[in-house]
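In our numbering, the protein residues as written are 18 to 209. The structure under discussion appears below in the form of structure tokens.
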Amino acid sequence: MKDFTFYFDLGWRHIISLDSMDHILFIIALTAIYQIENSKQVLILITSFTIGHSLTLFLSVNDLFKADNKWVEFLIPLTVIFTAVFNFTLKEYKQRSFRLNYFLALFFGLIHGMGFANTIRFLLAKDQQLALPLLGFNLGLEAGQLLIVLLLLLLAYLLLNKASLNRTYWVWSLSALALVPACYMAIERFPY
């Protein structure tokens, strides 16, 4: 149980820490189009991201997949940029957009998982079982993401339903909030 708690905390800190701003920006961009009444879709979305993240961690920890860390660190802000720009192209916030976001969350989760793979591989002992640490880490990651999303959905509810802010302005504002620092990160991390 001690291992589970350690890795749960590691997953929680991985998403909540300001050192993980690229992941937080991705969650902001990914969930910008949702409102509180879309809670079920958001839960599926966040779980899709965690599944992608988990799959890459599993493959990497088992030495079945490796990627150059410089390229991974560059690709992560690109996922934020792509998602934010995608939000600007939407004319409606309908079910069709939600379905495409599930695919983006899963696929981009694979990339984000590569970013943490080397760290978790280093932490695991050679003879340590993977199931409990990976489960703990991914549940901590999921809990952290859900906290961020809950705060965003509550803020969206207040601004859209109570303050009557235009939904498009809300989506564009969140997308721009994620896009600008992600562009800076991508330039800074370009692997030359």
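Built from N, CA and C at the ideal position, the CB exists for glycine as well.
Nearest-angstrom beta carbon gap, residue j and residue i [assumed within contact, 8 Å]
{"i": "I50", "j": "H40", "result": "Actually they do not touch by this definition, with Cβ atoms about 18 Å apart."}
{"i": "V97", "j": "F43", "result": "5 Å"}
{"i": "T73", "j": "N155", "result": "About 11 Å separates the two Cβ atoms, so there is no contact after all."}
{"i": "G153", "j": "F75", "result": "Between F75 and G153 the Cβ distance is about 14 Å, and since that is not below 8 Å, they are no contact."}
{"i": "L170", "j": "S56", "result": "7 Å"}
With 16 other Cβ atoms within 10 Å as the buried cut-off, status of residue i
{"i": "A180", "result": "exposed"}
{"i": "Q146", "result": "exposed"}
{"i": "Q112", "result": "exposed"}
{"i": "T48", "result": "buried"}
{"i": "S77", "result": "buried"}
{"i": "N183", "result": "exposed"}
{"i": "F125", "result": "buried"}
{"i": "S34", "result": "exposed"}
{"i": "A199", "result": "buried"}
{"i": "V166", "result": "buried"}
{"i": "A191", "result": "The amino acid occupying residue 191 in the given sequence is Leu; Ala does not appear at that position. When all chains shown are included, L191 counts as buried."}
For residue j and residue i, the rounded distance between their alpha carbons
{"i": "V59", "j": "Y186", "result": "20 Å"}
{"i": "F133", "j": "L176", "result": "34 Å"}
{"i": "V89", "j": "L123", "result": "16 Å"}
{"i": "Y119", "j": "F139", "result": "30 Å"}
{"i": "L107", "j": "F207", "result": "28 Å"}
{"i": "L127", "j": "G28", "result": "16 Å"}
{"i": "W189", "j": "V102", "result": "9 Å"}
{"i": "T100", "j": "D85", "result": "23 Å"}
{"i": "N104", "j": "F115", "result": "11 Å"}
{"i": "A203", "j": "A46", "result": "16 Å"}
{"i": "A173", "j": "Q52", "result": "6 Å"}
Fill in: Contiguous alpha helix (DSSP H) assignments of at least 4 residues, all confined to the stretch 81–121
86–106
Item to complete: Write down every uninterrupted run of the alpha helix (DSSP H) in the stretch 35–87 whose length is 4 residues or greater and which is fully enclosed by it, in chain order.
Response: 38–48, 56–78
Worksheet item: Mind pulling the alpha helix (DSSP H) runs of 4 or more residues that sit fully within the stretch 144–183?
Response: At a cut-off of 4 residues, the continuous stretches assigned as alpha helix (DSSP H) that sit fully inside the stretch 144–183 are 148–173.
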